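Structure first, commentary second.
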Amino acid sequence: MKTFCSVWLLLSLVELSPAPPASQEPPLACTGAPDPAPPQPETAEDMASTGDLEPTHYPARRAAQVALHYLNTHHGSPFRVFGLQQVHKASAEDVAAGGRKYKLDFSVTDWGSGSAGPALRCSADVLFPRTERHSAPEVQLHCEALHQINSTAQEEDAFYQKYISPDSAVSARDIPDSFGNVSEEMQPFWRLARVAASFIMLRESSENTEFNMAKVASVTQQESSGEQLMLEFVVLLHDLPSQVTHKHTHRLWTLMDTEAVCVLTVCVCSAGDRSVEAAGVLVSRQRRQGPADRVAAQMPSRHQTPKLTL
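With mature numbering (1 follows the signal peptide of the UniProt record, and there is no 0) applied, the sequence shown corresponds to residues -24 to -1, 1 to 286, in that order.
Next up, the structure:
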């Protein structure tokens, strides 16, 4: 059976003025298990400490959010996106090569499954390198029973077939709306935008950031030819510590492939007053079957264009 195969993503970054904090919760229509209590404010001791960390404080949660972005880039889809439920244990250590490594034990829930979605227990090592140029965190992740989550291949195929139609003309603004609601039709687009945004949030993350997708400002279907589905998203990402909101424009192409090899290319281009050098990531994912619950790979620096195969 053909399945949802590939996405090609172009993004431009514009730094906006400070904005109110973005909610860490999914839209009301996508809510699954209750989210944990908000993290406690960090202290100077938190930022400098090594050894065991307080799981409810920001340093532990920031590192867990990075692991969450990593999980979504590898296992998210229009019908699956994960949210952080709770950090159970966390520790930090300085590494000889330069940087700080966090060891985490945390749980996530699949927002795409609603209230019936199971909680998954995960462990991760997150390394924040200390280099002259910003380097994305390096993540090693393991989630128990990830392969037992219901496959979304049939839903993805139906999604593609529905919107590849010549009569399809998707266009929407403000997802979720001012009341936190997302229509049933728009939920796959909200999840897809969040998965795509996870690539940028992962790559731009550091020990001093905590990114979250605040809103999908708009989604518009573009004209395309052949078996391509082209969408354009405008997404607002919020950095909690700095209270700055970043605006990204995403163009996505989706293809079908009988071998179910999924390819995602990300290019960050300069925009506005902020110059971001071009870079790319090519991720090749094999068939979605078997116990593929162990993932270990590294995101690139701004000056690398590697290929990562799961």
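Just so you know, even glycine gets a beta-carbon here, dropped at the ideal spot from N, CA and C. In this text, all values refer to a predicted model and were calculated from it rather than measured experimentally.
Contact test: residue i Cβ vs the ligand NAP heavy atom, cutoff 6 angstroms
i	result
residue 184	What this structure holds is no ligand at all, so the ligand NAP is not there to describe.
Sub-7 angstroms separation of residue i and residue j beta-carbons
i	j	result
residue 166	residue 176	no
residue 84	residue 61	yes
residue 34	residue 115	no
residue 308	residue 56	With the chain represented from -24 up to 286, any question about residue 308 goes unanswered, as that position is not in the structure.
residue 40	residue 82	yes
Nearest-angstrom beta carbon gap, residue j and residue i [assumed within contact, 8 angstroms]
i	j	result
residue 173	residue 213	6 angstroms
residue 149	residue 193	7 angstroms
residue 38	residue 186	5 angstroms
residue 67	residue 29	6 angstroms
residue 196	residue 146	7 angstroms
residue 122	residue 96	6 angstroms
residue 73	residue 179	The pair is not a contact, with the Cβ atoms about 20 angstroms apart (cut-off 8 angstroms).
residue 171	residue 49	7 angstroms
residue 63	residue 36	5 angstroms
Exposure label - residue i; buried when at least 16 CB within 10 Å
i	result
residue 104	buried
residue -3	Residue placement at residue -3 is poorly supported in this model, since its pLDDT is 45, which falls under 50; the coordinates are not used for a value here.
residue 188	buried
residue 31	buried
residue 65	exposed
residue 215	buried
residue 250	In this predicted model, residue 250 has a pLDDT of only 30, less than 50, meaning its place in the structure is not dependable; the value taken from the coordinates is given anyway. Burial call: exposed.
residue 160	exposed
residue 181	buried
residue 10	Model confidence at residue 10 stands at a pLDDT of 42, short of 50, so the residue's coordinates are unreliable and nothing is read from them.
residue 271	In this predicted model, residue 271 has a pLDDT of only 30, less than 50, meaning its place in the structure is not dependable enough to derive any value.
residue 120	exposed
residue 130	exposed
residue 374	Only positions -24 to 286 of the chain appear in this structure, which leaves residue 374 out of reach.
residue 155	exposed
Range of the contiguous beta strand (DSSP E) that encloses residue i
i	result
residue 193	187 to 198
residue 29	Looking at the DSSP string, residue 29 is not in any beta strand (DSSP E), and its letter there is neither H nor E.
residue 155	Neither: residue 155 is in no beta strand (DSSP E) and is coded neither H nor E.
residue 122	Premise fails: residue 122 is in no beta strand (DSSP E) and is neither H nor E.
residue 105	95 to 105
residue 67	58 to 70
residue 208	205 to 215
residue 75	75 to 86
residue 147	147 to 151
Residue from the options with nearest C-alpha to residue i
i	options	result
residue 94	67, 58, 68	58
residue 75	109, 50, 164	109
residue 200	169, 183, 139, 36	139
residue 136	54, 98, 78	54
residue 218	25, 210, 183, 211	183
residue 126	159, 102, 86, 162	86
residue 69	130, 102, 155, 52	102
residue 52	181, 128, 153	128
residue 77	25, 124, 153, 120	25
residue 198	130, 143, 124	143
residue 168	98, 100, 44, 132	132
residue 100	44, 157, 203, 158	44
residue 203	98, 141, 124	141
Boundaries (first-last residue) of the alpha helix (DSSP H) holding residue i
i	result
residue 134	129 to 139
residue 174	163 to 180
residue 49	34 to 51
Any chain C beta carbon closer than 7 angstroms to residue i
i	result
residue 40	The chain labelled as chain C is not found in the depicted structure, where only one protein chain is given.
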